Amino acid sequence: METIKVVELEGAAAAGSSNLRFFLKGVAVATPFLYNKDMKKIPFYSNLKDNNHCIQACLKMVIKYYFPAKNYSFKELDKMSKHKKGMWTWQGASLLALADMGLEVVNIENIDYKKFAEQGEMYLQNIWSEEVFATQDKYSDLKQEKKIAQKMVESKKMKLANRDAKFSDVEGYFAKDYLVLVSVNPCVFENKKCYWSHIVLITDINDRWVTFHDVGLPPVENRKISRKIFEKAMTKPWKEDTNVIALKYEK
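Residue numbering for the sequence shown follows my numbering, beginning at 394 and increasing consecutively.
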């Protein structure tokens, strides 16, 4: 098996940006976008120029979809998501905020938040490679995330599934009319042997393609990738830290 080089990794729980600043080339190139009447019409927002607001841009899209009258600034979203300048944002605080708004929240991820809340950094050292942990420790506030993990575990408004996320999770929840966020390794889209983490919002799935809002950078609205390549980008060995988030608001 080939060894995948890990570059500064932003884990599934910290998918705050993507530093890949090139457009799709090679095997993953999709046919020109064709309008699908069944596609979810989700307002699109881009990552900021600092390339460190992926989660916040996705949060903005989710809120605007379910609550069209709400207009949160990125400053407000930073506060909601517990973002710290120059650091990566884990998804926990955002999911708690969405749950408080009345959304059903399902987080499928190969991190046991109960163990993380109890054991802290020691738990992460046991489940991650030395290089991944060192990178996370450098760019994330792990002490803050430990406190947020405890709130996630205690929340009765959130379902936490501690297992590897699968493409069938994406299909299943999308078919049930959930908004689905997926953590991917965007290197795979470029046919490159590297590792990074990024989060995207699904807008359509059919028997050939997966279409999604990619907040960038560069931002691409309704980006289209083959099912095979997308599944590769979200699962092991190319995506060590798998994560699928399903959200729904019932009025």
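The beta-carbon is built from N, C-alpha and C at its ideal position, and this holds for glycine as well. Keep in mind that this is a model prediction, so the values were computed, not measured.
Please state the DSSP three-state secondary structure of residue i.
i    : result
K644 : coil
A542 : helix
R414 : Residue placement at R414 is poorly supported in this model, since its pLDDT is 36, which falls under 50; the coordinates are not used for a value here.
E583 : helix
I501 : strand
C451 : helix
I592 : strand
Y438 : coil
K625 : helix
E511 : helix
L489 : helix
When every heavy atom of the ligand NAD is checked, does at least one fall within less than 6 angstroms of the C-beta of residue i?
i    : result
A492 : No copy of the ligand NAD appears in this structure; indeed no ligand is present at all.
For residue i, which of the options has the nearest alpha-carbon?
i    : options                   : result
G485 : K552, Y588 and K585       : K552
A568 : L640, S466, I448 and S487 : L640
K617 : I598, K632, W481 and D634 : I598
E624 : D562, K586 and K644       : D562
E633 : D600, K559 and Q543       : K559
G495 : K549, Q537 and K536       : K549
D493 : K442, H446, I456 and C580 : I456
F582 : K621, M545, Q537 and Q529 : K621
V546 : E524, V499, C580 and D570 : V499
S576 : I541, D443 and H606       : H606
Y566 : F526, S522, E523 and E497 : E497
W631 : K586, E614, K644 and N615 : K586
I435 : S619, C580, D570 and N584 : D570
N444 : P612, K644 and E524       : P612
Are the Cβ atoms of residue i and residue j separated by less than 7 angstroms?
i    : j    : result
V608 : N464 : no
I592 : L574 : yes
L610 : C451 : no
Y532 : W481 : yes
S474 : I448 : yes
K472 : G513 : no
K478 : D534 : no
I501 : V603 : no
K468 : T596 : no
N503 : T628 : no
A626 : N578 : yes
Y459 : Y642 : yes
K507 : Y516 : no
L489 : K536 : no
N555 : D600 : no
L470 : K453 : yes
Per the DSSP calculation, residue i is bridged to which residue(s)?
i    : result
T604 : D597 and K617
I638 : N500 and L574
What are the start and end residues of each continuous alpha helix (DSSP H) run of 4 or more residues lying completely inside the region 515-577, in chain order?
-> 523-532, 535-547 and 560-568
Of all the alpha helix (DSSP H) runs that stay within the bounds of the region 460-487, which reach a length of 4 or more residues?
-> 467-474
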